[in-house]
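In order, the protein sequences belong to chains S and L. Offset between the first sequence (1-based) and our numbering: plus 5. Offset between the second sequence (1-based) and our numbering: plus 1. For each residue, glycine too, the CB sits at the ideal point set by N, CA and C.
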Amino acid sequence: MAKVASERKASGLGRELSRRQFLGVGGAAAAVGTVGLVVGGRVLSAPRAEAATASEVRQGMVIDLERCFGCRACVEACKVENNTPGGITWMQLIRFEEGSYPNVTVGFLPRPCMHCDNPPCVKVCPTGARFKREGDGLVLEDYNRCLGCRYCEVACPYGVNYLNWKRPERNYYLDWKGGVDGVIPPYDNPDHDRLYGGRLVSGGGHFVGVMEKCTFCAHRLEKGLPPACVANCPVMALHFGDLHDPESEVSKLLAKNPWFRLLEELDTQPRVYYLGRPPAGEQAKLLDVVRLKLVVDSTKLEVRR
Amino acid sequence: MRLTEPEEVKLRPLAHTGTGFIVTVMVLFVLFGAFLYAWWTQLTTGLVVTGLRDWGLPLTGSPWGLYIGNFVWFVGIAHGGIAISAVIRLLKLERYRPIARMAELLTLVSLMMAGLSLVMDLGRPDRVFHLIRYWPERVGQSPLAWDVTVITLYFVFSATYLFLTMREDLQRCWERFPGRRLFYFPLLVGYSPDERPKVEQIAWWLAVSLILFLILLSGGVIPWLFGLMRSQAGWFGAAQGPYFLTAALASAVAGVIFLAALLRRVFRWEELIPSDLFRGLGTALAVLVLGYMWFLLHEHLTAQFAAPAAESEVSSALLTGRFALLFWGMFAGLAIPFLYLVAQAIYRRVFRLRWVVVASVVILLSLWLKRILIVVSSLLFPSLNLYPEGVYTPTWVEWLLVVGTIAIAALLYIGFMKIYPITELREER
């Protein structure tokens, strides 16, 4: 079969291309190149929602760490308002101590979603379920689109994303459906059932297996109300408003006080500003960390030591 | 058409069914049943039945774990096959020809299992087609969308390659195995005996593009899944591409060695597949493992010397901390087989097929463990150091699902071997 061998040789690169083959290969190469350019161009021009037009609202939060005394009223308000599942805290309070005895100070740091202007979670989402809303720049999750791949959670440096590990039934302060024992009624908040901008983004625990996180209470903003955590803070440590408007409460606070943002070196451009001294990183020791453990077949949570 | 004696030898898997076959298939089906039960549990209860949890407070877990590690591992193995087969074709390494199709099939089966691992990991597997539905708007940015794209293309190209190069053999089997014609018919549509030169030509180009895909997939989109994530210490870095590529190629060659040796033994193909061939593959494996350990050194030297605190924390946890036992176990699982593979490459008298196979299996398992460590160690050490360290313990559901993917891979492989010839029938080359 010498013939076959010679034919195989002819199929190598050494052979001259006929015009038809040349057009075919050239066309394929051109197509690949075009796709590469298009994709590359889109990656490089990934939307970094910069301080856009002056008319646009830029909702943000200012948290005064000097005023905060770690009562967790913000955490409670969030859980009640959004009915998030057990073991999930869209607003989390971190308590820590710094220094060594006898020079010890205690610090508190409430941590909502940062609603970044350069959000890594939005970039990595394979379905566009995580998006940055036009108009006020809130970073929201579309529960109807989410796959539950948890890539946003991995990409976020702040740890604000929470998956619904369990089914919506029997997993809540108030159950989403059915109620408990015919005594406690099911949870009911029509605000969480309606769409905002055509997408289901508000409230916690709609479906099993989707990502959820702090929405800055998108459903309350709609009515002109501040987020629940801000409204419930007994010492006015939390402030909310339009960072673009120089007359707003938040802008005035930022103009008069030194502030910092978390992990600014990652260039996520968070919209949550902290007044006061940043926690001293390595030296800060966590206090009374409550590490929770989900229990598979019970509504209860266990504390993990 | 009468088949020749060597062809009959190659068709042993189709012609004979022994007790070994029946026992193996039964065991695999039991494992498959366990897989189904575990997945059913996960689907009906939610991902709460796994050991995965949200990282940070209050659950202090790891959102990715065995499933994603398993995914990366299977993608790595998937390169063996087609890459080896393509290299055999491009460089005309006729000696290796008998293992070409075994390797190609390994690629297809591994890619399927990689996809399955990814679906197992989803909170909403019922929405998996959202990946395709929203692909056009997301492929510009999401590394996961890139993965889906390249894996799909790689699968299509590999399947086409296998299909085209198999048609001639199917034609020869048509008379010999009339009972299997149902499976041959769809693949033989439009077959003509003089299509060979054209098929060779197409296969040549497919081989070239598959080599490019390999670099794009394991040296590109898979490492980018991690290397672009600045949020997780231990992942972000420009070296991840070549680092992952060496691991992928090493696990691929190891997988082919194991599989070819197993089939050689089971079907008594000692004449068909000379043992010397494994010596060559073992040497290639040694070079790849050396490359991998070289990258490992780079990674940890950089992290230990003057890296940001979070980076060195992850590295120290691996070298001397919580993961030290797993890490050094993994390292020994690379280093010791490596030493043997080098020895057998230099001194022919040290070469034993059995030991090369053992070395390959140990390397395969070590690289599986390494993939899990890559995923989990970084996720358990948050960059925002106000959070405590996390905890991750895989549950029985995760173990059963992972073992299940391997069992399904074996079942698919065996099923294919019962229907189609697993080595190329043509002799005259």
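What residues of chain L sit near residue i, judged by a beta carbon separation below 7 Å?
i: residue 101(S); result: 387
i: residue 262(S); result: Residues of chain L passing the Cβ test: none, with the nearest at roughly 21 Å.
i: residue 301(S); result: 46, 49 and 50
i: residue 161(S); result: 232
How many whole angstroms separate the CB atoms of residue i and residue j, which I take to be in contact at a CB cut-off of 8 Å?
i: residue 154(L); j: residue 214(L); result: 7 Å
i: residue 158(L); j: residue 211(L); result: 6 Å
i: residue 129(S); j: residue 156(S); result: 5 Å
i: residue 403(L); j: residue 67(L); result: 5 Å
i: residue 74(S); j: residue 136(S); result: The pair is not a contact, with the Cβ atoms about 36 Å apart (cut-off 8 Å).
i: residue 318(L); j: residue 312(L); result: That pair is no contact at about 11 Å.
i: residue 82(L); j: residue 108(L); result: 3 Å
Can the beta-carbon of residue i be found less than 8 Å from the beta-carbon of residue j?
i: residue 214(S); j: residue 153(S); result: yes
i: residue 131(S); j: residue 351(L); result: no
i: residue 329(L); j: residue 341(L); result: no
i: residue 291(L); j: residue 64(L); result: no
i: residue 101(L); j: residue 111(L); result: no
i: residue 234(L); j: residue 324(L); result: no
i: residue 264(L); j: residue 423(L); result: yes
i: residue 252(L); j: residue 77(L); result: yes
i: residue 361(L); j: residue 286(L); result: yes
i: residue 140(S); j: residue 276(S); result: no
i: residue 4(L); j: residue 177(L); result: yes
i: residue 233(S); j: residue 206(S); result: no
i: residue 249(S); j: residue 67(S); result: no
i: residue 185(L); j: residue 174(L); result: yes
i: residue 102(S); j: residue 290(S); result: yes
i: residue 96(S); j: residue 168(S); result: no
i: residue 399(L); j: residue 52(L); result: yes
i: residue 170(S); j: residue 405(L); result: no
i: residue 240(S); j: residue 72(S); result: yes
i: residue 297(L); j: residue 254(L); result: no
i: residue 220(L); j: residue 238(L); result: no
Taking only heavy atoms of the ligand GTP into account, decide whether any of them is closer than 7 Å to the Cβ of residue i.
i: residue 81(S); result: The ligand GTP is not part of the structure shown, which contains no ligands of any sort.
Could you tell me which chain S residues have their CB closer than 9 Å to the CB of residue i, listed as they occur along the chain?
i: residue 121(L); result: Correct list: empty, because the minimum Cβ distance to chain S is about 11 Å.
i: residue 55(L); result: 92, 93, 155, 158, 164, 166, 167, 168 and 170
i: residue 124(L); result: 151, 152, 153, 154, 155, 168, 169, 170, 212, 213, 214, 215 and 216
i: residue 80(L); result: Within 9 Å Cβ-Cβ: nothing; residue 80(L) doesn't reach chain S, min ~20 Å.
Please compile the residues from chain L whose C-beta is within a distance smaller than 8 Å of the C-beta of residue i.
i: residue 70(S); result: Here the premise fails: no neighbours, minimum Cβ distance about 12 Å.
i: residue 243(S); result: What residue 243(S) touches in chain L: nothing, since even the nearest Cβ is about 18 Å away.
i: residue 76(S); result: In chain order: nothing, as chain L lies at least about 17 Å away.
i: residue 205(S); result: Within 8 Å Cβ-Cβ: nothing; residue 205(S) doesn't reach chain L, min ~13 Å.
What does the alpha-carbon distance come out to for the pair residue i and residue j?
i: residue 306(S); j: residue 163(S); result: 23 Å
i: residue 278(L); j: residue 8(L); result: 20 Å
i: residue 308(L); j: residue 180(S); result: 47 Å
i: residue 189(L); j: residue 117(L); result: 29 Å
i: residue 109(S); j: residue 138(S); result: 42 Å
i: residue 298(S); j: residue 393(L); result: 11 Å
i: residue 246(L); j: residue 186(S); result: 57 Å
i: residue 55(S); j: residue 119(S); result: Caution applies to residue 55(S), whose pLDDT of 47 falls short of 50 and renders its modelled position unreliable; the value that the coordinates give is listed next. The alpha-carbon atoms of residue 55(S) and residue 119(S) are separated by roughly 15 Å.
i: residue 411(L); j: residue 33(L); result: 10 Å
i: residue 11(L); j: residue 122(L); result: 39 Å
i: residue 330(S); j: residue 281(S); result: Within the shown structure, residues of chain S are numbered from 6 to 310, placing residue 330(S) beyond reach of any answer.
i: residue 335(L); j: residue 367(L); result: 7 Å
i: residue 390(L); j: residue 304(S); result: 25 Å
i: residue 205(L); j: residue 196(L); result: 14 Å
i: residue 172(S); j: residue 209(S); result: 12 Å
i: residue 85(S); j: residue 226(S); result: 17 Å
i: residue 147(L); j: residue 116(S); result: 32 Å
i: residue 386(L); j: residue 165(S); result: 14 Å
List, in chain order, every chain S residue whose beta-carbon is nearer than 7 Å to that of residue i.
i: residue 383(L); result: 164
i: residue 406(L); result: The premise fails here: residue 406(L) is roughly 18 Å from chain S at the closest Cβ pair, so nothing lies under 7 Å.
i: residue 1(L); result: Coverage of chain L is limited to positions 2 through 430, which leaves residue 1(L) absent and any answer about it impossible.
i: residue 65(L); result: 155 and 159
i: residue 61(L); result: 296
Who are the neighbours of residue i on chain S, taking C-beta pairs under 8 Å?
i: residue 149(L); result: 131
i: residue 380(L); result: 159
Which bits of chain L does residue i rub up against, with CB to CB less than 9 Å?
i: residue 267(S); result: 385 and 387
inquiry  = Residues of the segment 136 to 147 of chain L in Cβ contact with chain S at a cutoff of 7 Å, in chain order, please.
reply    = 138, 139, 140, 141, 142, 143, 144, 145 and 146
query = For the segment 272 to 298 of chain S, which residues have a beta carbon sitting closer than 9 Å to at least one beta carbon of chain L?
reply = 272, 273, 284, 286, 287, 289, 291, 294, 295, 296, 297 and 298
message = Which residues of the segment 294 to 310 of chain L have a Cβ closer than 7 Å to any Cβ of chain S? Give them in chain order.
response = 310
inquiry  = Any C-beta of chain S within less than 7 Å: which residues of the segment 89 to 112 of chain L qualify?
reply    = none
inquiry  = Under 7 Å, CB to CB, which of the residues in the segment 105 to 132 of chain S have a partner in chain L?
reply    = 114, 125, 128, 129, 130, 131 and 132
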